[in-house]
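Worksheet: one structure, shown below.
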Amino acid sequence: MKHTKREWIPLYNFLDRTRLTAHLSEMAAQGWLLTSISSWSWKYRRTEPRKLKFAVTFFAGVGRFSPAPAPGLDTFRDYCAQAGWQVAASMDQVQVFYNEDENAVPLETDSALELANIQKSIGGPLKKSYLALLVLSLFQLGFGLWRLVQDPVDNIGNSSFLLSAGAYLPLSVLVLWGLLAYRRWLRKAGAAAETGAPLPDLPSAKWLSILTMVWSALLVLASFATVSRSAGMVLLLVGMLVFYLLVGVLANLVRKGLQRLRCPAWGNFLAIIALAILLTVGALAGLMALVIGNTGTDLFADHPVAETYTYQGITWSVYHDPIPLRIEDLTEVDYDRWSTEARVDTSFLGSHGEYRQDARLGEGQWPELRYDIVTVKVPFLYDLCKQDFIDWVARDNDQIPAQYQEEYRSVDPSPWGAEEVLQVSIGDEAVNQYLLCWPDRLAEVHIPWDWDLTAEQMAIIGEKLAAG
Amino acid sequence: MAREKFQTLTEQMFYILLCLRQEQCGADIMAQVTALTAGRVSVGPGTLYNLLEQFLDAGYIQETKVEGRRRSYLLTQAGETALAEERRRLQSQIDDYDRFTAEGGI
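Given below as structure tokens:
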């Protein structure tokens, strides 16, 4: 028979006191008395089923990092005991009491004073931490959006980047909801306090919290899915999750230890920051050692190498990835030991594929191909991606003489079967680099520099890249 | 500031200060207020603790004895003045009421 019981991730707001205390009373009636609370779980111990009245109040003298027990807390609890209120559990400022007397005098009998105490004990710190979290979340969201706008071609299919930026969206909503709900509650509570009526409850954002947790779990799963082709990356991701867990557990142990040693709050806070920095530096050093130690292996490769060969003492990788356009589609070649590599990133915004076809080193001069295909699922990104391609070729123009400056210029698109075609010119000389544009697709292709493309080749390139 | 805060004492403030005209342990005040008012006024322990802290800050009471966790308090001159002013305010309300009703006011 179990003598203890835990409720994991209880989603009660401590200001949602009617529902919270009703739940605790119900548990007590079933023979489970609350013994401790933390952010992650509430712990109960088995007792005789009892009819108990619970109350939640806040002690302003306690802080997350302040020395424990806080001065005055014992005295405060003695007053409560005098009125029949026994401590069930506490966490920082939050104090949960129970009383066997249904008609006991409430812990708080002055609404205005109670409201002032709530504002001082949890309201101020809550507002500060929520605002800091909101600023952080909005910064991450803004930074993600800025990166997407600045470098849309590289980020449009980057699921990891979009996932990490997207992780902050529900958090921002949750925090903003929390702040607005608290503000609305303050207004109502102020009105109640003026009339001496009991303070209202601040309803728990249960569904929003569940949504945020589900979203976070999906993000973790999605992160695993995006790196699942690489054993090393999966290992890194698991390592990262373990690291976060370790930092959290260690920081909590150190914080509590320093509280018991009566270390000042600022000292405790600095110690936690130092610990986090130390562990992060250690983890980064370990990560670097892992990466360096596995240089040349497939551990972190995102797709398998088909074979390797050695040329001038260096090992080179050969890929046999399917690619939409091959040299053989454009000309006859007496060579079949190609490496064809495709790196395609796909997200809900679109996809970006980088393709190349190379001959092996030391096996003669053979024409080679390189091209990128961007497929845009969200229309507003189309022009941004196109401009990204155009700007990229002109990125160094302000540092070189005019005759060497590169730019895309429009050419006749009809032979390519595209809506618009741009060709790179260096000074006044056109070179074999083209940007082909379709309504939802862009393809930048590098043709061997010495080829004079025929209309037939242009049509094949257009057809293959439009379909690939 | 503190003076402004306690310009008008609530019933609970009034009775706590009244009890502390005699040296008293904080924990005993709740029972004494209940007894003094025949159960009409009750002070919750949370309210009592916060009010004692505020009265200490305002200089209305002073800590006289600390025995382990038991702390005793006594009203100061400032507290006595505040209590007397509140009494005067209440008395003038009663006087106004008496005069008004004696003159046949409704």
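Those protein sequences? They're chains A and B, same order as listed.
Start counting at 1 in the first sequence, then tack on 10, and there's your number in the working numbering.
Start counting at 1 in the second sequence, then tack on 1005, and there's your number in the working numbering.
All C-beta atoms in this analysis are idealised placements derived from N, C-alpha and C, irrespective of residue type, glycine included.
Computed from a predicted model, the values in this text were never measured in an experiment.
- In the DSSP secondary-structure assignment, B/Cys1030 is bridged to B/Ser1077.
- DSSP links B/Ile1099 through a beta bridge to no other residue.
- Spanning the alpha carbons of A/Glu364 and A/Ile383 requires a straight line of approximately 7 Å.
- In the three-state reduction of the DSSP assignment, A/Ser174 falls in the helix class, which pools H, G and I.
- Your pair A/Asp450 and A/Tyr392 checks out as a contact, with CB atoms roughly 7 Å apart and the cut at 8 Å.
- Annotation for A/Lys15: the continuous beta strand (DSSP E) segment containing it runs 14-18.
- Every beta strand (DSSP E) stretch that sits fully inside the region 74-145 of chain A and reaches 3 residues is listed by chain position as 96-101, 104-109.
- Counting C-beta pairs closer than 8 Å gives three or more between the region 238-251 of chain A and the region 301-319 of chain A, which meets the contact rule.
- Listed in chain order, the beta strand (DSSP E) runs fully inside the region 43-69 of chain A are 51-56, 63-68, counting runs of at least 3 residues.
- Annotation for A/Thr236: the continuous alpha helix (DSSP H) segment containing it runs 216-237.
- Listed in chain order, the non-local C-beta contacts of B/Ser1077 below 6 Å within the same chain comprise Glu1028, Cys1030, Thr1069, Lys1070, local neighbours out to five positions each way being set aside.
- Around A/Tyr108, no beta-carbon contact reaches into chain B at under 8 Å, the shortest distance being about 14 Å.
- The beta carbons of A/Leu43 and A/Arg27 sit no closer together than 8 Å.
- Here A/Arg405 carries a coil assignment [DSSP, helix/strand/coil].
- Residue range 360-368 is occupied by the beta strand (DSSP E) that includes A/Gly360.
- Per the coordinates, the alpha-carbon of A/Trp156 lies some 11 Å from the alpha-carbon of A/Ala175.
- Under the DSSP assignment, A/Leu289 falls in the alpha helix (DSSP H) whose first and last residues are 275-303.
- By the 16-neighbour rule on beta-carbons within 10 angstroms, A/Glu373 is exposed.
- Collapsing the DSSP output to three states places A/Gln322 in coil.
- Under the three-state reduction of DSSP, A/Ala207 is assigned to coil, being neither helix nor strand.
- No Cβ-Cβ contact shorter than 8 Å links A/Leu297 with A/Ala261.
- For A/Gln96, no chain B residue has a C-beta closer than 7 Å to its own C-beta; the minimum C-beta separation is roughly 12 Å.
- DSSP lists A/Ser435 as the bridge partner or partners of A/Ala440.
- Contact with chain B is absent for A/Phe24, since none of that chain's Cβ atoms lies less than 8 Å from the residue's Cβ.
- Contact between the region 457-471 of chain A and the region 1053-1066 of chain B is absent: fewer than three C-beta pairs spanning the two stretches fall below 8 Å.
- Excluding its 5 nearest sequence neighbours in each direction, A/Pro180 has C-beta neighbours in its own chain below 7 Å: Leu221, Thr222, Trp225, listed in chain order.
- The contact set of B/Ser1047 on chain A, defined by CB atoms closer than 7 Å, consists of Val115, Thr119 in chain order.
- Interface residue (Cβ-Cβ distance to chain B less than 8 Å): A/Cys273 is not classified as such.
- In summary, the residues of the region 1014-1042 of chain B whose CB is separated from some CB of chain A by less than 9 Å are Thr1015, Gln1017, Met1018, Gly1031, Ala1032, Asp1033, Ile1034, Met1035, Ala1036, Thr1039, in the order they occur in the chain.
- In the pairwise beta carbon analysis, the region 64-83 of chain A is classified as touching the region 264-283 of chain A: at least three pairs are separated by under 8 Å.
- CA-CA distance, A/Thr85 to B/Leu1079, rounds to 17 Å.
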